[in-house]
DNA sequence: AATAATATTTAGACAAAACTAAATATTTGT
DNA sequence: ACAAATATTTAGTTTTGTCTAAATATTATT
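Chains as they are written, first to last, in my numbering: chain H, 71 to 288; chain W, 71 to 288.
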């Protein structure tokens, strides 16, 4: 697969949300920041190669083979993201662009060894699951912190309320996007939560918890 | 710079042995495993871009700017080689192909952080020096082990005698290409050497030492 | 159901990087 | 110094991936 072909495969995969749904030419063009006519050309080629199924005017989806390739690319992308954050001190929002390049490196041994070196991580710095070598992975969902059962943990991926006071509060309590948060205990009386974040344990109100999105394995 | 342009720059750099010598079209074509006519086209383009100086029928050399690019590529290549060997357990002879791909990744932060992560190594697994960010590096030379002064160390890069008995001896004593060897002391009487190799100290005859090539910083 | 709006494809062109075959320049051998 | 051998360039094609403009199909509206 060429670089360009791999990029199209990834785009089709992501637009189809991992399910094997047909996606439109225009949607692919927008995602790839290219023109619909270029997409038509490429999906024809991918179809001839057995990577995709293209029906003129109807859209395109990945074949079994195409999905395998997509999963391998996602695996590589996310493993590199973990590497950049864990080993090279990148922050969670700096990794995408570089991982986008690294995911195209071709070497099975490289990825196997990288996986091992990182301790076989299950999720990337954004909380998204890393497919296994065979292409299996756990689904993750986004939930508000106060909806999450005691004992589970997830990665902080967003806020519902983005007002300055709330953001200031998060900053003061050293809660940042990308952090892993575990729910240790819930206070029955007021719904407040005892959570662990980066080795330290803190106590937050239900109102705070209902404005923080976490990504957890379903 | 495109991938292809970078490959040509590296080829010109290596054929010129790092000095800024003119190299012939044919030499570049052979190194790149391509045709001389393709080289002519490309060096014209590189010349227009200010990367190389091309004189028809005379050859091509790198400009100041081109040399900077070449050194940055060499730096990236060798740092990745160290990473592969030190962190991902590749052996010294497996790294080249993968490093060849990794050297094209574009991110200054990535290389700075990688350098730091690896502890600012001075040489790669083949004993070749790693240019600094500014493009400076120490020259290295290849010498037979018995010619090396006491106290210096280098990397084992080859054998003079490649007969089965000698190779068997090396194997038995766990001396392999890529290993770092230090000369601890020389025995005046018979010219035998006490050396350190991978944490252990051993004693070898002058005859053995005169058949092992090391790469040392000059 | 007919027309307007939108989405998609086709046809033709272009740039990058390669190639082949032919033309031209340089070097070498005597 | 001249012919033969070798090296290099030029001219014309090819492939990949892109683009624009025009043509055609689909969907939405009334």
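We put the beta carbon where it would ideally sit given N, CA and C, even for glycine.
Does the Cβ-Cβ distance between residue 252 of chain H and residue 266 of chain H come in under 8 Å? Going by beta carbons, residue 252 of chain H and residue 266 of chain H fall inside the 8 Å limit.
Tell me whether residue 118 of chain W is buried or exposed, calling it buried when 16 or more other Cβ atoms sit within 10 Å of its Cβ. Per the 10 Å Cβ criterion, exposed.
Can you name the start and end residues of the alpha helix (DSSP H) that residue 79 of chain H belongs to? Where residue 79 of chain H is concerned, the enclosing alpha helix (DSSP H) stretches over 73 to 85.
Contact with chain W by residue 203 of chain H, beta-carbon distance below 8 Å: With 8 Å as the cut-off, residue 203 of chain H does not count as an interface residue toward chain W.
Suppose you measure from the CA of residue 116 of chain H to the CA of residue 135 of chain H; what does that come to, to the nearest Å? Each residue's Cα considered, the two are about 11 Å apart.
Beta-carbon within less than 7 Å of residue 200 of chain H's beta-carbon, same chain only, minus the 5 sequence neighbours each way: which residues are those? Hits under 7 Å: 145, 148, 149, 191, 192, 193, 194 and 207.
Length of the line joining the Cα atoms of residue 113 of chain W and residue 88 of chain W: Approximately 18 Å, taken between the alpha carbons.
How long is the line joining the alpha carbons of residue 154 of chain W and residue 263 of chain W, rounded to whole angstroms? The straight-line gap separating the alpha-carbon atoms of residue 154 of chain W and residue 263 of chain W is approximately 32 Å.
Output the distance between the C-alpha atoms of residue 204 of chain W and residue 111 of chain H, rounded to the nearest integer angstrom. For the pair residue 204 of chain W and residue 111 of chain H, the Cα-to-Cα distance works out to about 44 Å.
At least three beta-carbon pairs within less than 8 Å, the stretch 120 to 137 of chain H to the stretch 81 to 98 of chain H: Contact holds: three or more Cβ-Cβ distances are below 8 Å.
Just to confirm before moving on: does the CB-CB distance between residue 230 of chain H and residue 285 of chain H stay below 8 Å? Note that the C-beta distance between residue 230 of chain H and residue 285 of chain H is not below 8 Å.
What residues in the stretch 148 to 159 of chain H bring their beta carbon closer than 7 Å to a beta carbon of chain W? Identification of residues in the stretch 148 to 159 of chain H having a C-beta nearer than 7 Å to some C-beta of chain W yields 157, 158 and 159, given in sequence order.
Nearest-angstrom beta carbon gap, residue 156 of chain W and residue 188 of chain W [assumed within contact, 8 Å]: With a Cβ gap of about 6 Å, residue 188 of chain W and residue 156 of chain W count as contacting.
Shortest alpha-carbon distance to residue 270 of chain H belongs to which of H:254, H:174, H:258 and H:228? Ranking the options by Cα distance to residue 270 of chain H, first place goes to H:254.
N-terminal and C-terminal residue of the alpha helix (DSSP H) that residue 147 of chain H is part of: Counting along the chain, residue 147 of chain H sits inside the alpha helix (DSSP H) bounded by residues 134 to 156.
Could you give the DSSP three-state label for residue 250 of chain H: helix, strand or coil? In the three-state scheme derived from DSSP, where H, G and I count as helix and E and B as strand, residue 250 of chain H is classed as strand.
The stretch 163 to 180 of chain W: positions lying closer than 9 Å to chain H by Cβ: Correct list: 164, 167, 168, 171, 172, 174, 175, 176, 177, 179 and 180.
Restricting to Cα atoms, I'd like to know which of W:259, W:250, W:185 and W:273 is closest to residue 287 of chain W. Put simply, of W:259, W:250, W:185 and W:273 the residue whose alpha carbon is nearest the alpha carbon of residue 287 of chain W is W:250.
How about residue 292 of chain W: is its C-beta nearer than 8 Å to some C-beta of chain H? Because chain W spans 71 through 288 in this model, residue 292 of chain W falls outside it and cannot be assessed.
On the premise that residue 224 of chain H lies in contact with residue 197 of chain H, defined as a C-beta separation below 8 Å, what is that separation, rounded to the nearest angstrom? Contact holds; Cβ gap of about 6 Å.
Which residue's Cα is closest to the Cα of residue 75 of chain H: H:98, H:90, H:94 and H:86? Comparing Cα-Cα distances from residue 75 of chain H to each of H:98, H:90, H:94 and H:86, the minimum goes to H:98.
Which first and last residues belong to the alpha helix (DSSP H) in which residue 107 of chain H is found? Counting along the chain, the alpha helix (DSSP H) containing residue 107 of chain H begins and ends at 106 to 118.
Range covered by the beta strand (DSSP E) that runs through residue 122 of chain H: That run of the beta strand (DSSP E) goes 122 to 125.
State the start and end residues of the unbroken beta strand (DSSP E) segment that holds residue 273 of chain H. Residues 270 to 274.
Among W:71, W:152 and W:214, which one has its Cα closest to the Cα of residue 186 of chain W? The residue with the shortest Cα to Cα distance from residue 186 of chain W is W:152.
Does the Cβ-Cβ distance between residue 71 of chain W and residue 139 of chain W come in under 8 Å? By the CB criterion at 8 Å, residue 71 of chain W and residue 139 of chain W fall inside the cutoff.
Is residue 97 of chain W close to the ligand ZN? I mean its beta-carbon at under 7 Å from any heavy atom of the ligand. Looking for the ligand ZN in the displayed structure turns up nothing, as the structure carries no ligands at all.
Which of helix, strand or coil DSSP assigns to residue 234 of chain H: Of the three classes helix, strand and coil, the one that applies to residue 234 of chain H here is helix, per DSSP.
How far does the beta strand (DSSP E) with residue 284 of chain W in it reach, from first residue to last? It spans 282 to 287 - the beta strand (DSSP E) in which residue 284 of chain W sits, taken as one unbroken run.
Would you tell me roughly how many angstroms separate the C-alpha atoms of residue 170 of chain H and residue 141 of chain H, rounded to the nearest one? A direct Cα-to-Cα measurement between residue 170 of chain H and residue 141 of chain H gives close to 14 Å.
Look at the alpha carbon of residue 103 of chain H and the alpha carbon of residue 95 of chain H, and state the distance between them as a whole number of angstroms. Taking the Cα positions, residue 103 of chain H is about 12 Å away from residue 95 of chain H.
Step through the CB atoms of chain H and report whether any lies within less than 8 Å of the CB of residue 273 of chain W. The beta-carbon of residue 273 of chain W is placed no less than 8 Å from the nearest beta-carbon of chain H.
Who are the neighbours of residue 187 of chain H on chain W, taking C-beta pairs under 7 Å? From the beta-carbon of residue 187 of chain H, the residues of chain W found nearer than 7 Å are 157 and 158.
Measuring CA to CA, which of H:175, H:241, H:210 and H:261 is closest to residue 217 of chain H? Closest option to residue 217 of chain H, Cα to Cα, is H:261.
Residue environment, residue 163 of chain H, which counts as buried when at least 16 other CB atoms sit within 10 Å: Around the CB of residue 163 of chain H, fewer than 16 other CB atoms lie within 10 Å, so the residue is classed as exposed.
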